[in-house]
Amino acid sequence: HHHEGISENKEIVEQHSKIEALEAEKEEIPKADTFKEDTILQEAFKETMAESGIPVGIRIKRTQGGVAIEVPEEPSPSVESTGILLSRLSSLSKLHELVKEESFGIENQSTSEVELEYDFSVKTTKKRKPREEFDAEYVLKHFDPQKMFSRGVEEDFISLFRSRYEKLRKYIVDRINRKKALNPKLKEVRILYSSEVSIVNNSIVALIGVVNNFRELKQKNMYLIDMFDRDGVILAHVRKKRGDLILYPGDVIGIIGRAKRSSGKVIVYVESEDLVVFPEINRRKLPSEGVLKDIPDFKVAITSDIHVGSKHFMKDSFKKFIEWLNTSEEASDVKFLIIPGDLVDGVGVYPNQEKELEILDVYAQYEELASYLDLIDDSVEIIITPGNHDIVRPSLPQPPLPKEVLIGISRKVVSAPNPALIELWGNMRILTLHGVPLEDIIATAPGLSHDNPTDAMKFLLDRRHLAPCYGDKTPLQPLPEDMLVMEDDVIPDVFVTGHVHRFEYKVYKGVLLINGSTWQKQTPYQKTHGIHPIPGHVGIVDVKKYVLGRDDYISVKNFGE
Numbered sequence: 049h050h051h052e053g054i055s056e057n058k059e060i061v062e063q064h065s066k067i068e069a070l071e072a073e074k075e076e077i078p079k080a081d082t083f084k085e086d087t088i089l090q091e092a093f094k095e096t097m098a099e100s101g102i103p104v105g106i107r108i109k110r111t112q113g114g115v116a117i118e119v120p121e122e123p124s125p126s127v128e129s130t131g132i133l134l135s136r137l138s139s140l141s142k143l144h145e146l147v148k149e150e151s152f153g154i155e156n157q158s159t160s161e162v163e164l165e166y167d168f169s170v171k172t173t174k175k176r177k178p179r180e181e182f183d184a185e186y187v188l189k190h191f192d193p194q195k196m197f198s199r200g201v202e203e204d205f206i207s208l209f210r211s212r213y214e215k216l217r218k219y220i221v222d223r224i225n226r227k228k229a230l231n232p233k234l235k236e237v238r239i240l241y242s243s244e245v246s247i248v249n250n251s252i253v254a255l256i257g258v259v260n261n262f263r264e265l266k267q268k269n270m271y272l273i274d275m276f277d278r279d280g281v282i283l284a285h286v287r288k289k290r291g292d293l294i295l296y297p298g299d300v301i302g303i304i305g306r307a308k309r310s311s312g313k314v315i316v317y318v319e320s321e322d323l324v325v326f327p328e329i330n331r332r333k334l335p336s337e338g339v340l341k342d343i344p345d346f347k348v349a350i351t352s353d354i355h356v357g358s359k360h361f362m363k364d365s366f367k368k369f370i371e372w373l374n375t376s377e378e379a380s381d382v383k384f385l386i387i388p389g390d391l392v393d394g395v396g397v398y399p400n401q402e403k404e405l406e407i408l409d410v411y412a413q414y415e416e417l418a419s420y421l422d423l424i425d426d427s428v429e430i431i432i433t434p435g436n437h438d439i440v441r442p443s444l445p446q447p448p449l450p451k452e453v454l455i456g457i458s459r460k461v462v463s464a465p466n467p468a469l470i471e472l473w474g475n476m477r478i479l480t481l482h483g484v485p486l487e488d489i490i491a492t493a494p495g496l497s498h499d500n501p502t503d504a505m506k507f508l509l510d511r512r513h514l515a516p517c518y519g520d521k522t523p524l525q526p527l528p529e530d531m532l533v534m535e536d537d538v539i540p541d542v543f544v545t546g547h548v549h550r551f552e553y554k555v556y557k558g559v560l561l562i563n564g565s566t567w568q569k570q571t572p573y574q575k576t577h578g579i580h581p582i583p584g585h586v587g588i589v590d591v592k593k594y595v596l597g598r599d600d601y602i603s604v605k606n607f608g609e
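In our numbering, the protein residues as written are 49 to 609.
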């Protein structure tokens, strides 16, 4: 049975405060490290958390400042286990027959509809100059929270990769055909499945598969790719010419080379990195003027990573930004504020975090966040998504923030999942991703750094995937369908990320890439890891101008101290 909305949440909050009161009466407040398990709360939480997608084997312990939730670590599959999982996958001969439809029976963890908008209709009264009144037309698409839960069994991982392979295959076929059209030598090349490669023939063919393992053989000046398709294993030797190839377990790629069959495997010799083919996106086409002519002028404010609750949260800067948004002439046509994750600093996100926290209770952090968001003019639509510091499961895709933590907000806020696809006026698309996968790429791809997150964003677009590096820092939810593949209906006009605490934007193949700054000063942890944030920046984007190919579509505001 599922609880009825807000009234029961109130009970939990009351229960919460009764327990707090009892605790306070005791002479000795337990120190943060000598937690006492708390069963009443535990039961209450289990119920409310069931629908937010947090695994229910949760332990809750009390700390001095309230409740700390311990979420059991989702074991991020190590690259070793990845290898085993994927090779098992490939040995089950036909990828597409592996999982019969009925075993998809996703456990329905949430019978009630996941609502994407919370409107508790208590409006704050604020003095402000009038804005042009018009309804902002927007809709959240593609990432359906209803489909974000699974049983977490191995078959679900198998179906996840099968889905990834099948969705990306058509784009790689398209890329291979483009290469053939441009290069007469490749004109005769056929695209085959591994089972179709003959034993005697040593002709040039194209194969498409999922990468299981990748290494560089320095002394031999080549790369070795162990991959598989629906029929079996493919071993590719790629001659190193440029030296900039990097692949990850789970990447779906095409290769063009001389293929032969040997002891059950297909072995392919590939002349250079240029013949390794990615499912890259095509350049975005400009729409015709007429399409957007009836849409009113509006702008979108883009920022990220507020980290309310941290000692390093820049309160004054954030208030300055809100005041600018509410009162300045320049902000009068800002119709949307998009914040892709890390709204609060959370608890227990990394070791010894409590030393860096000003607010030790995660619920109190969200209440504090509410007090800021409530100051923002009602005519601005606020769209928020979770990040890795927020109170939902860490694995992607992440469901929207649960109602319980947003109950303190009295204005309307759109709580979207991570990633989220926002379609404006049926014509313009903004894709948001909090950005943990950027970390994996920055850590491993040659020439990338925290200072230039948009380079890592390009990397995602070239792979048409929002979390291509399997078995790294980004845990994935094993689902029957891989929602993180960027098919054509997900490719945006504007792609927004956060997480790395920089502000940077650039255009790639017609897509505007923006990494959205932060409201947290450099932390000791960041200092030791050489991360230099650019806090307090907000990008103000005129999406209509951008989509039509005009120049002056962005202005950058700095509210940093």
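Here a beta-carbon is modelled for each residue, glycine too, at the ideal position from N, C-alpha and C. Predicted, not measured: the structure shown is a model, and the values here were computed from it.
Which of helix, strand or coil DSSP assigns to residue i
i           : result
residue 262 : strand
residue 570 : coil
residue 232 : helix
residue 306 : strand
residue 477 : strand
residue 436 : coil
residue 113 : Reliability fails at residue 113, whose pLDDT of 43 lies under 50, so the model's placement of it is uncertain and no value is given.
residue 591 : helix
residue 545 : strand
residue 213 : helix
residue 226 : helix
residue 557 : coil
residue 603 : strand
residue 221 : helix
residue 20  : No information on residue 20 is available, as it lies outside the stretch 49 to 609 that the chain covers here.
residue 126 : Note that residue 126 scores a pLDDT of 41, beneath 50, so its modelled location is shaky and nothing firm can be said.
residue 446 : strand
residue 404 : helix
residue 244 : helix
residue 296 : coil
Option nearest residue i by Cα separation, candidates the options
i           : options            : result
residue 323 : 420, 334, 285, 360 : 285
residue 583 : 203, 520, 563, 542 : 563
residue 311 : 340, 246, 489, 372 : 246
residue 220 : 327, 585, 490, 435 : 327
residue 506 : 308, 231, 554      : 554
residue 606 : 492, 368, 490, 443 : 368
residue 291 : 519, 319, 382, 298 : 319
residue 485 : 399, 464, 522      : 522
residue 569 : 325, 263, 282, 362 : 362
residue 233 : 252, 216, 223, 222 : 252
residue 611 : 405, 315, 468, 482 : Residue 611 cannot be examined here, being either before or after the span of the chain that is shown, 49 to 609.
residue 386 : 404, 462, 418      : 462
residue 425 : 370, 364, 479      : 370
N- and C-terminal bounds of the alpha helix (DSSP H) containing residue i
i           : result
residue 454 : 451-454
residue 502 : 501-511
residue 487 : 484-492
residue 318 : No alpha helix (DSSP H) contains residue 318, which is instead part of the beta strand (DSSP E) from 313-318.
Residue i - containing beta strand (DSSP E), residue span
i           : result
residue 271 : 270-276
residue 419 : First-last for residue 419: 410-421, but that is the alpha helix (DSSP H), not the beta strand (DSSP E).
residue 285 : 281-287
residue 385 : 382-388
residue 424 : Segment: none, residue 424 is in no beta strand (DSSP E) and carries neither H nor E.
residue 468 : 468-472
Three-pair Cβ contact test at 8 Å for the region 386-403 versus the region 353-361: yes
Ordered list of beta strand (DSSP E) runs contained in the region 320-373, each at least 3 residues: 347-350
Inter-stretch contact (C-beta, 8 Å, three-pair minimum) for the region 332-346 and the region 587-597: yes
Inter-stretch contact at 8 Å, needing at least 3 Cβ pairs: the region 211-231 / the region 542-562: no
Three-pair Cβ contact test at 8 Å for the region 340-351 versus the region 564-578: yes
The region 181-197 touching the region 471-480, judged by at least three CB pairs closer than 8 Å: yes
Stretch-stretch touch, CB-based, cutoff 8 Å, three pairs: the region 254-271 with the region 230-246: yes
Runs of beta strand (DSSP E) wholly within the region 183-207 (minimum 3 residues, chain order): 186-189
Cβ contact (3+ pairs, closer than 8 Å) linking the region 518-532 and the region 202-211: yes
The region 338-347 in contact with the region 540-555 per 3-pair CB rule at 8 Å: no
Validate contact between the region 509-521 and the region 483-496 using beta carbons, cut 8 Å, 3 pairs: yes
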